[in-house]
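Oh and the sequence shown: position 116 is 672 in my numbering, straight run, nothing missing.
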Amino acid sequence: MAETELKNKTLSSDDLKGLQIIPLGGLGEIGKNMMAIRYLDDIIVVDVGLGFPSEEHYGVDYILPNTDYLIKNQHLIRGIILTHGHEDHIGGINDFLRRFTKDLPPVYGTRLTLGLVEDKLSYKKLYSNVSLRVVQPRQRIQLGVFKVEFLKVCHSIADSVGLAIETPLGNIIHTGDFKFDPTPVDGELTDYYKFAEFGEKGVLLLMSDSTNVTRPGFTPSEKEVAPALINAIGTATNRVIVTTFASNIHRVQQIINISTKFNRKIALVGRSMERVTKKAIDMGYIKCKDAVFIKQTDIEHYKDNEITIITTGSQGEPMSVLTRIAKGEHKIVVSPGDTIIISAVPIPGNEKMVFNTINKLFSKGAEVIYEANRHLHVSGHASSEELKMMINLTKPKYFVPIHGESRHLIHHGELAQSLDIKKENIFIMDNGDVLEITPEKAEVVMKVPANKVLIDGSGIGFVEDDILRDRQVLSRDGVIFASVTITHDFKVASDPQLVSKGFIIQHDDQVFYKKGGQYLKDRLEKTLQEKSEIDIDQKICDIVSDYAFSATKRRPLIIPVTHLLD
């Protein structure tokens, strides 16, 4: 069915004949993972993630899936299931639940996942109304017509699960984010047996993590990071600053263990690092003695070779601790001889910010050790051979690659086809597509709204496209304010005044503004004489924009300030 036909078709109960798979986020992109699964009058939601803004998203704090379809059908939602505690899977839960006007659906997840969600439900009224229900691997729950079993998987955060969903038409496997780690730090293996068991029973549909499909072989075990960390921390002669994802508690555990082995105290710096690590310690996921930790304010009381600082900023985020340290905007000051370990790799799109931070740290005399020259990070996602293994274990009839950019999804589809999944049974979907599965066939039949929702500030306001465009223009070309006084008989009363901010004139700026004011007056008076009904503000913008472009080949944002005389 053509794209325009899908967009023009609306979803109603009369259209529903079978099982609907409705991705609202995470397809064709990295982040904001969210999936709805519907059968007649029952809906379950898998993950409610957020996305992270790129440099082009000026002033945007985070990005959410469009949940209009689910809010419209909120009375049909039987439960929200969270596969693990990463922000791209749970970060949108607050905003989503706040939109409900009816009773909130229960939220299911493992202990650590819901422990992290508890911290997010900061609104007392919301927290008191939501039911958080802890589940264990291999536990089964009933949600309407759906029976959901939780399957243990290895990932870069503890307590991660995949899902086996029994529906009236057959079994669905949703892998969540996963890899097959033979030596996980916590000893908890991915549940090969259960995935194979469902493969023997019969799997109607497999939805599988596509993030690392282009990487050959197998993803290394988390334990393989230890030798590089031991070498880097053990040979450091001054302070050690390690940055990693706050949610990677297995990595944090290894950093703590290695640092204490070399008689170093640990200082956790950064709100998310402190919050997640404290939660993991309280819940028993990180094991260490309280005495190994010191406060940031106590760092100066110890010798440099007695300190390890664990912090955030591995992605070069503008407000993260490491970025502010690199810019000299933090209380922690980098000294020559400090060792800075970046135990992560840049998420696609973050490379420029990460290397800007690394360069600033090098310029301060620090030794910066990062993945480009050491084995300091392993991924939490399955590589191509593991993805083949998942397909072979589950032997699905239909296949939908999820969690990845378009190239990842397409490559994953090709991988499935190489394993004898029929081409017509592989669906490379977009966010908002509705895949309908009936006993006879499966096809994408329609679309629901799935545009990005850009959030500015404290999650109060949506950022519209025109606002984002204005911010892009402001950052690139600046702004010109054009002040014009117009009489009641539509004449320009005096010479217009032009004032700019962030708009650079290579030559005499006073000449530019004087000529521009006269140009605006002449053009505007001529227009006012010719037409009685015009949008004066828009005309001022057009005239000044044309003048600025003719003189500088740039188009700043124009803000008209019009005074009308009685």
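Don't be surprised by glycine CBs; every beta carbon is placed ideally from N, CA and C. Since we're looking at a predicted model, the values are computed, not measured.
| Item | Value |
| --- | --- |
| Runs of alpha helix (DSSP H) lying entirely within the segment 569–633, each at least 4 residues, in chain order | 624–628 |
| Identity of the residue in GLU585, LEU660, ILE805 nearest GLU830 by Cα | ILE805 |
| Touching by the beta-carbon criterion (3+ pairs, under 8 Å), the segment 877–892 and the segment 780–791 | no |
| Nearest-angstrom Cα separation, counted from GLY1058 out to PRO1116 | 17 Å |
| Buried versus exposed, by CB contacts within 10 Å (16 or more), GLN1066 | exposed |
| Counted within 10 angstroms of its Cβ, other Cβ atoms place GLU992 as buried (16 or more) or exposed | buried |
| Contact belief for ASP989 with PRO579 at Cβ below 8 Å, rounded distance in angstroms | 7 Å |
| Beta carbon of PRO957 nearer than 8 Å to that of ILE977 | no |
| Contact set for SER712: own chain, Cβ-Cβ below 6 Å, skip 5 residues either direction | ASN804, GLY936 |
| Range of the contiguous beta strand (DSSP E) that encloses TYR954 | 952–958 |
| Whole alpha helix (DSSP H) elements within the segment 679–755, 4-residue minimum | 680–685 |
| Cross-strand partners of GLY647 (DSSP beta bridge) | In DSSP, GLY647 forms no bridge with anything. |
| Inter-residue Cα distance where the pair is ASP894 and ALA836 | 28 Å |
| The segment 735–750 contacting the segment 640–654, beta-carbon criterion three pairs below 8 Å | no |
| Contacts around LYS680, its chain only, beta-carbon distance under 7 Å, and the 5 residues preceding and following it disregarded | Unreliable placement is indicated for LYS680, whose pLDDT of 49 sits below 50; the coordinate value is still reported in the next sentence. Within the same chain, LYS680 has no close Cβ partners at all. |
| N-terminal and C-terminal residue of the beta strand (DSSP E) that PHE1037 is part of | 1035–1042 |
| Closest Cα partner of ASN948 within the set HIS931, ASN589, LEU761, GLY584 | LEU761 |
| The segment 652–665 / the segment 1035–1050 touching (three or more Cβ pairs under 8 Å) | no |
| PRO1116 - partner residues in DSSP beta bridges | ALA1038 |
| Contact set for ASP1093: own chain, Cβ-Cβ below 8 Å, skip 5 residues either direction | PRO1116, THR1118 |
| Check whether ILE633 and VAL601 have beta carbons under 8 Å apart | yes |
| Buried versus exposed call for THR791 [16 or more other C-beta atoms within 10 Å across all chains shown] | exposed |
| C-beta contact flag for LEU719 and PHE751 at 8 Å | no |
| ASP1102 versus GLY1072, LEU1121, LEU1120, residue with shortest Cα-Cα distance | GLY1072 |
| Touching by the beta-carbon criterion (3+ pairs, under 8 Å), the segment 810–825 and the segment 864–878 | yes |
| Three-state secondary structure assigned by DSSP to TYR1075 | helix |
| In DSSP terms, what THR867 is bridged to | THR799, VAL825 |
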